[in-house]
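Here's the structure, in structure tokens; my notes come after.
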Amino acid sequence: MALFVLGGRLLKCATGIKTAMTALRPCCSSVASGKQHINGVDLYYEQKGRGKHAVLLIPGALGSTRTDFGPQLNSLNKEQFTVVGWDPRGYGQSRPPDRDFPSDFFERDAKDAVALMKALGFDKFSLLGWSDGGITALIVAARNPRLISKMVVWGSNAFVSQDDLKLYEAVRDVSKWSARMRQPMEEVYGAEMFAKTWEGWVDGIAQFAHRPEGSICLELLPLITCPTLIVHGEKDPMVPSFHPQHLLKHIKGSRLHLMPEGKHNLHLRYANEFNRLVEDFLQE
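Numbering-wise, the sequence shown is residues 1 to 284 according to the UniProt record's numbering.
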């Protein structure tokens, strides 16, 4: 496995990721993977555990089940939880189609996430959303209050500020990255497609800065009613501390947990601590 940081947005790639299967793997009764046809595309997912409490993992930019959530998919309590990881459309093994970033791409991911969980037979579930996946989680929770039990988000923001734009622009040109940083993602997407998709993401996230207050989903935060845990790494170079503070202020009844040494990838770097925190919160 190769670890690298894209301006703080850490991605982890498996060399030679296998082509997604279209049928369930008969590995054991509590492990399944495959594709579901959702909203016109085939979405790849992995499901582990037999617990009554279903939990959906939502990855970050260009991320996927295997790149973003290995320690959670593998180590969260399988007796208490049924954990579902997925690759949003255009990412990882949910290709084709190639990823694009229209003005509603977060809303589109939110609709896909809900439709996938319903297709898998879950009528109520919790959300773990990292980075872009946290934004998607906020939208899912706001738009579907009866479906969501609890939510954990980290490395996420509900608006794009001018300070954020500078951080995104600084990492736009992948040709300026080291070969070590580029290689893992080039193995997943190919060099040309990786560069194109990453530029597309920078443009896609930047477009929100032109909205009033830079809103991605500011107006939705007061609609969130599920118990919400916001986790923030105090050394996160991509998400300034005013973002989790804003979420805390505008999501009723939410709580904030700070990890002093945590960076953007705190759930990978401090997986054991993070998993315990999440399990305790979900079982309260």
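For each residue, glycine too, the CB sits at the ideal point set by N, CA and C.
Just to confirm, are residue 226 and residue 150 a CB contact at a threshold of 8 Å? Closer than 8 Å, so yes.
Please tell me whether residue 185 and residue 194 are closer than 8 Å, where the distance is taken between their beta carbons. Taking 8 Å as the Cβ cut-off, residue 185 and residue 194 qualify as a contacting pair.
Nearest candidate by alpha-carbon position, reference residue 145, set 124, 202, 162: Taking only the C-alpha atoms, the option nearest residue 145 is 124.
Just checking my contact of residue 128 with residue 86 at CB under 8 Å: how many whole Å lie between their CB atoms? That pair is no contact at about 12 Å.
How is the beta strand (DSSP E) around residue 56 delimited, first residue to last? Looking at the DSSP string, the run of the beta strand (DSSP E) that includes residue 56 is 53 to 58.
Let me know if residue 210 comes out buried or exposed under the rule of 16 or more other beta-carbons within 10 Å of its beta-carbon. Classification of residue 210: exposed, given that the 10 Å Cβ count is below 16.
Distance, Cα to Cα, residue 70 vs residue 164? Roughly 28 Å separates the two Cα atoms.
Residue of 92, 93, 138 minimising C-alpha distance to residue 219: Nearest C-alpha to residue 219: 138.
Once you ignore the five residues that flank residue 118 on each side, which residues in its own chain have a CB closer than 7 Å to its CB? If you ignore the 5 residues before and after residue 118, its C-beta comes within less than 7 Å of no other C-beta in its own chain.
By DSSP's criteria, residue 159 is part of a beta bridge. Which residues make up the other side? Answer by DSSP bridge pairing, in chain order: 215.
I need the DSSP call for residue 286, collapsed to helix, strand or coil. There is simply no residue 286 to check, as the chain begins at 1 and stops at 284 in what is shown.
Check residue 37 in the structure and name its three-state DSSP category. Residue 37: strand per DSSP, three-state reduction.
If we ignore side chains and look at the alpha-carbon of each, how far apart do residue 167 and residue 267 end up? Residue 167 and residue 267 have their C-alpha atoms spaced approximately 21 Å apart.
Within a Cβ cutoff of 6 Å, which residues of the same chain sit near residue 272, ignoring the five residues on either side of it in sequence? Answer for residue 272: no residue qualifies.
Start-to-end residues for the alpha helix (DSSP H) that takes in residue 201: Boundaries of the alpha helix (DSSP H) around residue 201: 191 to 206.
Those residues which DSSP pairs with residue 255 across a bridge: 229.
Buried versus exposed call for residue 66 [16 or more other C-beta atoms within 10 Å across all chains shown]: Residue 66 is buried by the Cβ-count criterion.
On a CA-only basis, which of 200, 148, 279, 40 is nearest residue 97? Give me that one, please. Cα-wise, what sits closest to residue 97 is 40.
Using 8 Å as the threshold, is the C-beta distance between residue 47 and residue 64 below it? No, the Cβ-Cβ distance between residue 47 and residue 64 is not below 8 Å.
Residue 11 versus residue 68 - alpha carbon distance: Annotation note: pLDDT 42 at residue 11 (below 50); position unreliable, coordinate value reported separately. So the two alpha carbons sit approximately 6 Å from each other.
For the 8 Å Cβ check, are there 3 or more pairs between the stretch 172 to 180 and the stretch 250 to 260? Here the stretch 172 to 180 makes no contact with the stretch 250 to 260; the two share fewer than three CB pairs at distances below 8 Å.
As a quick exercise: from 204, 179, 42, pick the residue whose alpha carbon is nearest that of residue 88. The candidate whose alpha carbon is nearest that of residue 88 is 42.
Three-state class that DSSP yields for residue 42 in the structure shown: The DSSP-derived three-state label of residue 42 is strand.
Backbone CA spacing between residue 18 and residue 274 [nearest angstrom]: Bear in mind that the predicted position of residue 18 carries a pLDDT of just 34, short of 50, making it unreliable; the figure below should be weighed with that in mind. Near 28 Å, if we compare the C-alpha coordinates of residue 274 and residue 18.
Run of the alpha helix (DSSP H) containing residue 75, from where it starts to where it stops: Residue range 70 to 75 is occupied by the alpha helix (DSSP H) that includes residue 75.
Which residue comes first and which comes last in the alpha helix (DSSP H) that contains residue 90? No alpha helix (DSSP H) contains residue 90, which DSSP labels as neither H nor E.
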